Amino acid sequence: MRVYLDPTDTAGQEKMAEALQACGVAKLVYGQEMTADVQLKKAGGQLCFDFEKVSKHDVMMTFLTLYERGLIIGTKDALQTFLATSSNLGNKESVHKLYVRCLQEYVRKGH
């Protein structure tokens with residue numbers, strides 16, 4: 014998965030993106046490397062995922078796996094709120110529904 018960063022991102026967003034890269038689940042792409050199409054779609058101050066190259070399901074499974082392994086500190090609600098407000102995954106309700114679907118799959122696979 015690719016995480017797009019540009020100079021308008023906060024230090025916290027940049028640290029989260031760097032942590033995803035350190036875990037081997039994301040590749041950071043900086044503003045100057047983004048395609049013009051993605052730059053137009055990027056909302057200011059958000060982690061912006063390119064859903065032409067990765068699915069929302071895969072992004073959520075990555076965050077869910079990190080959370081369930083104890084690599085993300087906080088509550089599930091805090092994670093969902095963060096993703097809803099700081100990424101282009103969707104609003105709080107859609108992020109929650111996606112999280113629940115992915116959690117069911119995660120549990121079915123015996124993690």
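Quick note on my numbering: the sequence shown kicks off at 14 and runs consecutively. Just so it is clear, CB atoms sit at the ideal spot from N, CA and C, and this is done for glycine as well. Bear in mind that the values here come from a model prediction, so they are computed numbers and not experimental data.
Candidates the options, of which the one nearest residue i by Cα
| i | options | result |
| --- | --- | --- |
| residue 94 | 73, 40 and 24 | 73 |
| residue 26 | 34, 59 and 38 | 59 |
| residue 61 | 30, 117 and 112 | 30 |
| residue 108 | 33, 63, 96 and 66 | 96 |
| residue 23 | 120, 100, 105 and 87 | 100 |
| residue 103 | 64, 42 and 40 | 64 |
| residue 82 | 119, 91 and 16 | 119 |
Residue i (DSSP reduced to helix, strand or coil)
| i | result |
| --- | --- |
| residue 49 | Only weak support is given to the placement of residue 49: the predicted model assigns it a pLDDT of 46, under 50, and the question is left unresolved by the model. |
| residue 62 | strand |
| residue 108 | helix |
| residue 113 | helix |
| residue 84 | coil |
Where the alpha helix (DSSP H) through residue i begins and ends
| i | result |
| --- | --- |
| residue 123 | Where residue 123 is concerned, there is no enclosing alpha helix (DSSP H), given that its DSSP letter is neither H nor E. |
| residue 25 | 24-35 |
| residue 75 | 69-81 |
| residue 100 | Premise fails: residue 100 is in no alpha helix (DSSP H) and is neither H nor E. |
Same chain, Cβ closer than 7 Å to residue i, neighbours up to 5 away in sequence not counted
| i | result |
| --- | --- |
| residue 28 | none |
Expected contact under 8 Å - CB spacing of residue i and residue j to nearest Å
| i | j | result |
| --- | --- | --- |
| residue 77 | residue 36 | Going by Cβ atoms, the distance from residue 77 to residue 36 rounds to 13 Å, so no, they are not a contact pair. |
| residue 75 | residue 38 | 5 Å |
| residue 69 | residue 33 | Contact flag wrong, Cβ pair sits at about 15 Å. |
| residue 16 | residue 42 | 7 Å |
Cutoff 6 Å; reference residue i; Cβ partners in own chain excluding five residues on either side
| i | result |
| --- | --- |
| residue 80 | 92 |
| residue 84 | none |
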